[in-house]
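The sequence shown runs 153 to 468 under my numbering. Don't be surprised by glycine CBs; every beta carbon is placed ideally from N, CA and C. Below is one structure, written out as structure tokens, with a few remarks after it.
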Amino acid sequence: MLSNWADTPHIAATPDGALWVHWLQRTGAGPGEYDLALSRSGNRGFNWSAPVVVNRDQGGEHGFASLWPATQATLGVAWLNPAKAGEGDAHENHGGMSLQTAIFDGGLQRTSESTLDAATCECCQTDTAMASAGPVIVYRDRDAEEVRDIAAVRYDGKAWSEPVRVHADGWKMPACPVNGPAAAANGNDVVAAWYTAANGEPSLQLALSRDGGASFAAPVRVDRGAAVLGRADVAYDKDGAWVVWLREDAAAQSLWLARYSADLKRETQRTEIAKLQGRGNAGGSPKLALRTDGAYVVWTDAGNGQPKLHGVQVIR
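Listed below in structure tokens is the structure:
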């Protein structure tokens with residue numbers, strides 16, 4: 153197993169009660185040689201299947217995956233794959249990456265696969281939200297001019313769409329910022345949150361789609377300024393949107409939460425969740441989940457050089 157502060161394991165459940173988990177598995181001597189492993193449990197996590205490799209090719213980096221329930225008993229996986237197998241360490245060498253998807257059944261057999269975007273940012277996290285019609289995947293795109301704005305693709309039950317830009321930030325960046333988007337959905341409404349430093353100003357944006365990810369309205373700027381680190385997560389239900397992100401100034405790194413009305417037109421809460429002891433990458437990427445009683449936020453901190461998980465409940 154490979155430990156990576158930015159490319160972490162994920163767990164997902166399908167409606168049949170199965171649990172699925174993915175992680176990075178080192179395959180070679182170099183730092184940029186690893187596969188994406190996937191395992192399934194049919195008894196609530198007491199036992200797990202032998203893992204299978206999600207990617208088909210060998211060599212290079214495979215990761216930054218997101219998971220979703222494709223049907224009652226099958227799982228969808230989206231991940232970044234070397235555009236040319238064997239390119240090596242895309243993060244260091246800025247090699248080409250593509251956005252791939254595959255569907256796996258309960259026996260961990262691949263039943264379908266697709267290439268959704270042939271040229272993406274190399275090492276920004278992907279995320280998937282389940283809208284009414286199907287999954288909406290958000291990721292950081294990359295064009296020939298090194299503009300790295302956020303894009304979305306969606307599945308309508310029959311086919312995958314062409315990528316659409318969530319917003320034309322126009323952020324020209326010569327290397328991967330390791331700062332991917334997040335998405336959440338409620339019915340046909342999809343919210344995306346992301347970091348950008350377009351025009352030299354770091355900021356956190358939040359945008360709403362009312363058509364299942366086919367198009368997005370102009371974004372709301374949640375935070376701005378040199379202290380904004382991003383690494384956001386977002387949650388969304390009929391009552392509104394919740395977003396968490398990191399900041400770092402001369403005093404400390406801090407974790408923040410904001411809430412917005414369902415149409416994103418009103419900010420209803422803003423609070424500092426915690427001051428962190430760590431700096432830089434030590435805070436990882438915070439995670440956010442909603443329940444009827446409120447939001448649950450978890451994050452990593454590294455006091456005295458030892459990473460620890462922390463969590464808090466935010467009452468509605």
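- Here ALA410 is not near VAL342, since their CB atoms are 7 Å or more apart.
- Relative to SER355, the option among ARG399, ILE163, ALA369, ASP363 whose CA is nearest is ARG399.
- As the crow flies, the alpha-carbon of GLY435 is around 15 Å from that of GLU424.
- Bounds of any beta strand (DSSP E) do not take in ALA170, whose DSSP letter is neither H nor E.
- With 16 or more other CB atoms across the displayed protein chains lying within 10 angstroms of its CB, PRO438 is buried.
- About 7 Å separates the Cβ atoms of VAL290 and THR278, confirming a contact at the 8 Å cut-off.
- GLY169 is classed as exposed because its beta carbon has fewer than 16 other beta carbons within 10 Å across all chains shown.
- Using a Cβ distance threshold of 7 Å, HIS214 and LEU188 count as a contacting pair.
- Within the stretch 174-255, the runs of beta strand (DSSP E) that reach at least 3 residues and sit entirely inside it are, in chain order, 186-193, 215-221, 227-234.
- The three-state secondary structure of ALA434, taken from DSSP, is helix.
- Within 10 angstroms of the beta-carbon of PHE256 lie 16 or more other beta-carbons, which makes it buried.
- PRO326 is classed as exposed because its beta carbon has fewer than 16 other beta carbons within 10 Å across all chains shown.
- Taking 7 Å as the cut-off, the Cβ atoms of LEU407 and ALA384 do not count as close.
- Excluding the 5 residues flanking it on each side, LEU154 has same chain C-beta neighbours closer than 7 Å at LEU176, GLN177, ARG178, TYR186, in chain order.
- Around the Cβ of PHE198, a 10 Å sphere holds fewer than 16 other Cβ atoms; the residue is exposed.
- GLY382 sits in a strand when the DSSP states are folded into three classes.
- Judged by DSSP secondary structure, HIS462 falls within the beta strand (DSSP E) whose first and last residues are 458-467.
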